[in-house]
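Under the numbering used here, the residues of the sequence shown are numbered 116 to 833, in order.
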Amino acid sequence: MTKPNAPQGILLLGNPNAGKTTLFNALSGHRARVGNYPGVTVERRSATIEIAGRRVELLDLPGTYSLSARSPEEAIAADALFSADASSHVAVLVVDATALARNLYLALQVLETSMPAVVALTMMDDAEKQGVRIDVDVLSKTLGVEVQPLCVPRREGIDDLRAAIARAFERGARAPLRIESEVDAWVERVEAAALSSNAANTTSARAYAAWALLSLGGDELEGVPSAVRAAVDEVHRATDARAIDVALVGARYRFIDALVAEAQTDEARPSRTERIDRVLTHPVFGIGIFAIVMLAIFEALFTAAEPFMELIEGGVDALKELAFAVLPEGILRDMITEGIIAGVGNVIVFVPQIAFLFLLVTLLEDSGYLARVAFVIDRTMKGVGLHGKAFVPLLSGFACAVPAVMSTRTIERRRDRLVTMLALPFMSCSARLPVYILVIATVFPSDERVLGVFSQSSLALFSMYAFSVVMTLTAAALLRRTILRGPTPTFVLELPPYRMPMLGATLRTVWEKVRGFLVEAGTIILAFTIILWALLTFPNDPAREAYFEAERERVVATMSGAEAEEALAELDAEESARVLRESFAGRFAHAIEPALEPLGFDWRLGVGLVASFAAREVFVSTMGMVFSLGETDEEDESLRDELRAATWPDGRPLLTPLVGVSLMVFFVLAAQCMSTLAVVKREAGGAKWAVFLFTYMTTLAWIGSFLVTNVGRALGLS
């Protein structure tokens, strides 16, 4: 029996893609608390639930294949397993029935301890479709714990699993599973050291010793007693460390092979997954299909999201009109209408497209398709020196570089982590999307089709994302061959079976990501919008104001009708231009204009570029203020129309298709995100890598835009 006052919890352990998080949601009712484990950026998901009248914490441990402690996920699982109060918890071992042998390895490592445990056999419906039959009674008898078959999406077996967990709590610590090996004498030597140093309790000391022999080596794991470390070093000096590893792992797999042979029967027939994989993982067809899928996604971003964007745009305009009508004339009204509402509104109008992007990518991920994409491009990643585990951070980079950089901690070697975190900021994050869409909608017609299928707009957007991927891979290759030389380690990738995404879970994921974007729009963008509005408005010039007021009085006194209206409109435009030109931001932008002209940008675009180095999406709200400042007409033209009408002093159009491409290339290449630089500084262990990242990316951005503009002009493009 467990001690009555001991803290009690349920630990969910399992391989990646075994259905662990889905089971967590089913047991918790989605009442999750999300945080990070102390000292690492691996997500910690927990919830308080009730089991047979007992309130316990349900903890979703990171997915891992073993407890070897060579990654943060493995170390966290091992810490939980060998903690002082481990016997007061219940381990729920999530085992995928479609990959029984592979999933049982981690389960055996847990069952070799005395922690109370239950096996949750997930994906039973998928296993049956593949012709796999599993004798649950044989599994339970051999493993010494209850085994509960589940079909989590249909909630089949959930109540029985809860009852099994309650019984495991009542029984408390159990006799560990013992697997004999030819190196038991060495294991017993480390076991004695573990017992003498109180590193593990009596019944779990053998499992702890086996873990220490497999995990301790050149690395310095924290929390391991010196006596245990000394014993492991002694064993490694006395015999071949690799032979110890092979013997321990081999003994477990012999046990697994015998168990699977007895408990599992297969009907020989090709599965649906295998038939589909022949096409989707083909080295040529697979890449072609992925390109078509991404093109279809970008096409949907412009077609499906347009009605929602128009709805938001109308709401922002209505709010602006309301504020303009209610607030008294003056600087406060100008700040609220032209600064806050217009600035933030110009960004949130892109939320529908961002939501559609997250939705479609999440559906592809949950279906199992993106794992096939990782398999297809793995050869390319190896060719440029990227670790196979870099695929997840790179994919995360399409959403935001900050969590993507954090997720590089799953890559074991520091050199491999640095290559990944210094290359992935080129991936087109969601903050770039509003900029792309604004520029593309301004200079590329959406109603003109290429090959009668894809619009110019969707092809332009696809090109920017493809260019960002190419630059990411190119940067990784150059870094690996220059300042971060070193071999690329091998990587084993699991291809999960295809599954129908669960709509509820998908929508929750999309909402969490969109909410994160909205929070940013409500904090960073709002703050910078107010600051930029002030920089674009001040300093006040009484002489200038008096001059234009006198000119208006002259027009009213000497003109009438349409002539007076036209003259007053010209005065308003002239005053707005002078206010902008003589503002703090205007003066600074004029000062840097000589560096921008070779790229095709004038000082107005320069204001947006400078502001975007804090956060890329600020560019859109800045352009809204730069091109609309001083407008009081309730029927202002959209920002896109303002950009189309903008010209150089000699009358040439400012934002041509060529300049639009140059501007987007700048945004692909530049390190315009203070948050990313801050997290790189922390994860890389010093400011020098953040400074290096900012310097080399921004230099590349200027060079890239310069080449696009000037090569394009040389070819006669405009």
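Built from N, CA and C at the ideal position, the CB exists for glycine as well.
No experiment lies behind these values; they were computed from the predicted model shown.
Residues of its chain near residue i, where Cβ-Cβ distance is below 6 Å and the 5 sequence neighbours each way are ignored
i, result
"Thr156", "Residue placement at Thr156 is flagged as unreliable, the pLDDT there being 39, under the threshold of 50; the coordinate-derived value follows with that caveat. Around Thr156: Met521 and Arg524."
"Gly715", "Val774, Ser777 and Thr824"
"Ser833", "Thr771 and Leu773"
Test item: CB-CB of residue i and residue j under 8 Å
i, j, result
"Phe643", "Phe699", "no"
"Ala242", "Ala212", "yes"
"Val476", "Val431", "no"
"Ala438", "Arg448", "yes"
"Asp381", "Val247", "yes"
"Val205", "Ala283", "yes"
"Arg304", "Arg547", "no"
"Leu138", "Ala235", "yes"
"Leu173", "Leu142", "yes"
"Gly168", "Asn130", "no"
"Ala232", "Leu254", "no"
"Arg487", "Gly401", "yes"
"Leu754", "Ile455", "no"
"Leu647", "Met536", "no"
Span of the alpha helix (DSSP H) around residue i
i, result
"Val722", "Trp718 to Ser727"
"Leu683", "Gly676 to Glu697"
"Arg344", "Ser341 to Ala353"
"Arg669", "Pro657 to Thr673"
"Gln224", "Leu215 to Leu226"
"Gly831", "Note, Gly831: premise wrong, no alpha helix (DSSP H); not H, not E."
"Ser495", "The sequence shown places Thr at residue 495, rather than the Ser named in the question. Note, Thr495: alpha helix (DSSP H), Tyr484 to Gly498."
"Glu453", "It is not in any alpha helix (DSSP H) - Glu453 carries neither H nor E in the DSSP assignment."
"Glu303", "Asp299 to Ser311"
"Val399", "Where Val399 is concerned, there is no enclosing alpha helix (DSSP H), given that its DSSP letter is neither H nor E."
"Ile646", "Leu641 to Thr652"
"Phe506", "Phe506 to Ser511"
"Asn130", "Element bounds for Asn130: n/a, residue is neither H nor E."
"Thr535", "Arg529 to Ala538"
"Arg321", "Ala320 to Ser330"
Contact set for residue i: own chain, Cβ-Cβ below 8 Å, skip 5 residues either direction
i, result
"Arg659", "Glu690, Arg693, Val694 and Glu697"
"Ile391", "Tyr613"
"Ala704", "Trp718, Arg719, Gly721, Val722 and Val725"
"Leu292", "Leu223, Leu226, Glu227, Leu258 and Gly259"
"Ala362", "Ser296, Glu297 and Val298"
Residue i: first and last residue of the uninterrupted beta strand (DSSP E) it sits in
i, result
"Gln379", "Gln379 to Asp381"
"Val517", "Counting along the chain, Val517 falls outside any beta strand (DSSP E), though it belongs to the alpha helix (DSSP H) covering Ala516 to Met521."
"Pro264", "Glu261 to Pro264"
"Arg248", "Val247 to Ile249"
For residue i, the residue or residues it bridges with in DSSP
i, result
"Thr762", "Pro768"
"Glu172", "Gly124 and Thr163"
"Leu236", "Val210 and Pro264"
"Ser570", "Arg564"
"Glu271", "Cys266"
"Val205", "Ile125"
"Cys788", "Ala730"
Residue i versus residue j - alpha carbon distance
i, j, result
"Arg600", "Leu588", "15 Å"
"Ser777", "Tyr580", "14 Å"
"Pro340", "Gly365", "27 Å"
"Val568", "Val267", "40 Å"
"Ile526", "Thr813", "27 Å"
"Val350", "Val399", "49 Å"
"Gln123", "Phe577", "51 Å"
"Val634", "Ala320", "48 Å"
"Arg387", "Met615", "13 Å"
"Val625", "Asp481", "12 Å"
"Asp748", "Leu686", "Because Asp748 sits at a pLDDT of 30, beneath the cut-off of 50, its placement in the model cannot be relied upon, and the following sentence gives the value as read from the coordinates. About 14 Å."
"Ala592", "Phe582", "15 Å"
"Pro540", "Ser572", "24 Å"
"Val826", "Asp194", "58 Å"
"Phe471", "Asn655", "44 Å"
"Leu533", "Ile492", "20 Å"
"Tyr152", "Ile191", "With a pLDDT of only 33 at Tyr152, under 50, the local geometry of the prediction cannot be trusted, and the value read off the model is given with reservation. Straight-line Cα distance between these residues: approximately 8 Å."
"Ser197", "Ala324", "Checking the sequence, you will find Phe at residue 197 rather than Ser. Taking the straight line from one Cα to the other gives about 11 Å."
"Ala378", "Ile164", "33 Å"
Cβ-based neighbour list, residue i, same chain, cut-off 7 Å, excluding 5 preceding and 5 following
i, result
"Ala816", "Phe781, Leu784 and Ala785"
"Val507", "Ser522"
"Pro264", "Leu236, Met239, Val251 and Gly272"
"Leu329", "Ser183, Asp360 and Leu363"
"Val262", "Val234, Leu236, Val251, Leu254 and Ser255"
"Gly839", "As shown, the chain starts at 116 and ends at 833. That puts residue 839 outside it, with no answer to give."
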